[in-house]
Amino acid sequence: MDNFLKTEKLYTISELNNTIRKLIRNEFPDYIWVCGEIQDLRKDKKHIYFNLVQKHPEADQIIAQVKSIIFEDSKLFIFKRLKEADSAFELKDDIEVKLLCRVDLYPKWGEYRLIVVDVDPIYTLGKVAQNRQRIIEDLKRRGLLDKNKILPLPILPLNIGLITSLGSAAYYDFINELKTSGYGFNVFIYNSYMQGKFVERDVVSALELFNNFEENLDVIVITRGGGSTADLSWFDNERIAEAIAKSRLPVISGLGHQINTTITDLVAHTSLKTPTKVAQFLIEVVRGFLEEIKYLKEEILNEVSLMIEREKKGLRSLAVGLDSAIVKYFRDHLTQLAEKRRDCLDFSQYFLASRKRELFQRWELIKTYLTNLLKRETQKLDHLREKISLLEPSNILKRGFSITLKNKKVVKDASSLTFGDTIETIFFKGRTFSRVEKIGDSDEEKD
216 MDNFLKTEKL YTISELNNTI RKLIRNEFPD YIWVCGEIQD LRKDKKHIYF
266 NLVQKHPEAD QIIAQVKSII FEDSKLFIFK RLKEADSAFE LKDDIEVKLL
316 CRVDLYPKWG EYRLIVVDVD PIYTLGKVAQ NRQRIIEDLK RRGLLDKNKI
366 LPLPILPLNI GLITSLGSAA YYDFINELKT SGYGFNVFIY NSYMQGKFVE
416 RDVVSALELF NNFEENLDVI VITRGGGSTA DLSWFDNERI AEAIAKSRLP
466 VISGLGHQIN TTITDLVAHT SLKTPTKVAQ FLIEVVRGFL EEIKYLKEEI
516 LNEVSLMIER EKKGLRSLAV GLDSAIVKYF RDHLTQLAEK RRDCLDFSQY
566 FLASRKRELF QRWELIKTYL TNLLKRETQK LDHLREKISL LEPSNILKRG
616 FSITLKNKKV VKDASSLTFG DTIETIFFKG RTFSRVEKIG DSDEEKD
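Right, dumping it as structure tokens:
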């Protein structure tokens, strides 16, 4: 120990880190290829940061990781390479990549990292394809791939649970197409991310909500507008596929892509290319039902006419056959003939009246069914309108709530304000402008 104390060399932290940095660069003088899975990816205006991790081959458990960075000068080159790949994709969490890197140590923090300068798209696309096939095979093995497809589609699917991005082109395409039909569709909307890492969370939550909805929904629609293959890849998701397969309601997908088919499309009851196509499909189902009702009505009326005509022909035939007999019978049994004639006329009138009453009763049953159906659907629509009215911003403000704005943007968290900020407060009647003098937590004791 005394010998160590006599050592003359004394390192500062920066000297130690720079020395280690030189050792690393000497050990790895050239760029190297490293493979792993991206986690915790985040971007700023210039650079991209993430952890490159290695997981246990038989469990979803990280056994090694290293911080990685793509600087601005390499970012544009890499983005261009990914865009020009056979199937364009983007860097995101949970995908496996093969990266060309320089091993380096950041002296200020004393941590080593990978400086990424290139990526091999072929490696990632191969892994993506392998993972996609693994999910499909697993769904087949568990009997989930076709489970939603065998559900019967309601004959009148007017109540729809819609999973999409509220205010998006897909949303307006779908809603406007339904409106043009003139039918009484009721649409309950779940505002969901349709690309990015929150897609799985939102879509699975929406499916669970609609399957336990207090309203009696007929179908669930998942739809989004057009996009790249990378945008669409968020729907090659095992949890979303499982949630669709376990849904008690038929799920219709319209993910806005003309070429590729996602796992979501494969598992859904019906898969169509665009939001408009999905809306048209539902309109056609409703139109088909109404046309069937119209057809049955015409069939009943035709059958009534035929029955009446057959009875008339029968009576005419009977009258002709009886002519000669009636003359003889009339001569021989005048009194009895008169009675029989009256009986025959009474029976004919009773028979026709009975048939008419029967047909009228059937027609009244059909009218009653259609009237009750329209009444129920109208009540559901009025109920929904009341709910929507309660959520109108003006009604919320009327109950005493207010909206706080900073620079025309809604303030949701007091921590986003700073001392001296000018804020605008909107009330049900009027607005005020004020300056922030104190910021505290919601539980902080008031003076």
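Residue numbering for the sequence shown follows my numbering, beginning at 216 and increasing consecutively. Positions of the beta carbon are idealized from the N, C-alpha and C atoms, including for glycine. Fair warning: this is a prediction, and the values are worked out from it, not measured in the lab.
Out of Ala421, Ser604, Phe243, Val519, which one is the CA nearest neighbour of Arg614? Ser604
Quick one: using the 10 Å Cβ neighbour count with 16 as the cut-off for buried, is Asp628 buried or exposed? exposed
On the CB-based measure, 16 or more other CB atoms within 10 Å of its CB, does Leu487 come out buried or exposed? buried
Grab me the residues of Ile478's own chain with a C-beta within less than 8 Å of its C-beta, minus the 5 sequence neighbours each way, in chain order. Arg347, Ile350, Ile351, Leu354, Phe450, Asp451, Asn452, Glu453, Ile455, Ala456
Going along the chain, which unbroken runs of the beta strand (DSSP E) with 3 or more residues stay wholly within the stretch 386-470? 401-406, 434-438, 466-469
Buried or exposed: Ala304, going by 16 or more other Cβ atoms within 10 Å of its Cβ? The question names Ala, but residue 304 is Phe in the sequence shown. When all chains shown are included, Phe304 counts as buried.
Report the rounded CA-to-CA distance for Val493 versus Ile467, giving the unit in angstroms. 7 Å
Please state whether the Cβ-Cβ distance between Gln254 and Phe265 is less than 8 Å. yes
Three-state secondary structure (DSSP) of Ile278: strand
Do Leu470 and Thr438 have their C-beta atoms within less than 8 Å of each other? yes
Per DSSP, what are the beta-bridge partners of Phe648 in this structure? Glu639
Which two residues bound the contiguous alpha helix (DSSP H) that contains Ile365? Note, Ile365: premise wrong, no alpha helix (DSSP H); not H, not E.
Give, in chain order, every unbroken run of the beta strand (DSSP E) that is at least 3 residues long and sits entirely within the stretch 225-303. 247-258, 263-270, 277-285
Rounded straight-line distance, which links the Cα of Asn232 to that of Gly325: 6 Å
Same chain only: Cβ atoms within 6 Å of Thr491, ignoring 5 sequence neighbours per side: Asp388, Glu392
Tell me which residue opens and which closes the alpha helix (DSSP H) that Leu612 is part of. 608-613
Give every residue of the same chain whose Cβ lies closer than 6 Å to the Cβ of Asn280, excluding the five residues on either side of it in the sequence, and list them in chain order. According to the sequence displayed, residue 280 carries Gln and not Asn. Contacts found: Asn266, Val268.
Am I right that Lys509 and Ile581 are in contact with their C-beta atoms under 8 Å? What's the rounded C-beta distance? Contact doesn't hold; Cβ gap of about 11 Å is too wide.
Tell me which same chain residues have a C-beta within less than 6 Å of the C-beta of Phe400, skipping the five on either side of it? Leu373, Leu393
Using only CA atoms, which one of Leu497, Phe504, Tyr565, Phe634 lies nearest to Glu526? Tyr565
For Ser486, which of helix, strand or coil comes out of DSSP? strand
Which value, in whole angstroms, describes the spacing of the CA atoms of Asn426 and Thr485? 17 Å
Report yes if the C-beta distance between Arg296 and Val334 is below 8 Å; otherwise report no. yes
Report the CB separation of Leu432 from Ile375 in whole angstroms; it is logged as a contact under 8 Å. 7 Å
Please classify Thr583 as buried or exposed, where buried requires at least 16 neighbouring CB atoms within 10 angstroms. exposed
What are the residues that DSSP puts in a beta bridge with Leu315? Trp248, Asp333
Rounded to a whole number of angstroms, what is the C-alpha to C-alpha distance between Ser569 and Gly529? 16 Å
Nearest CA to the CA of Phe413: which residue from Pro367, Ser380, Val434? Ser380
If you pair each beta-carbon of the stretch 607-623 with each one of the stretch 634-651, do three or more pairs fall below 8 Å? yes
Among Phe562, Lys555, Leu516, Ser631, which has the Cα closest to the Cα of Arg577? Leu516
Where DSSP assigns a beta bridge to Asn346, which residues make up the other side? In DSSP, Asn346 forms no bridge with anything.
For Tyr405, decide whether its Cβ has a neighbour in chain D, counting only Cβ atoms nearer than 8 Å. No chain D is part of this structure, which consists of one protein chain only.
Pairwise C-alpha distance: Pro465 and Met409: 20 Å
In the DSSP assignment, the beta strand (DSSP E) including Ile654 goes from what residue to what residue? First-last for Ile654: undefined, no H or E at that position.
Using CA coordinates, which residue listed in Thr234, Leu422, Gly655, Ser396 is at the minimum distance from Gln407? Sequence check: residue 407 is Ser here, not Gln. Taking only the C-alpha atoms, the option nearest Ser407 is Leu422.
Am I right that Leu315 and Tyr246 are in contact with their C-beta atoms under 8 Å? What's the rounded C-beta distance? 5 Å
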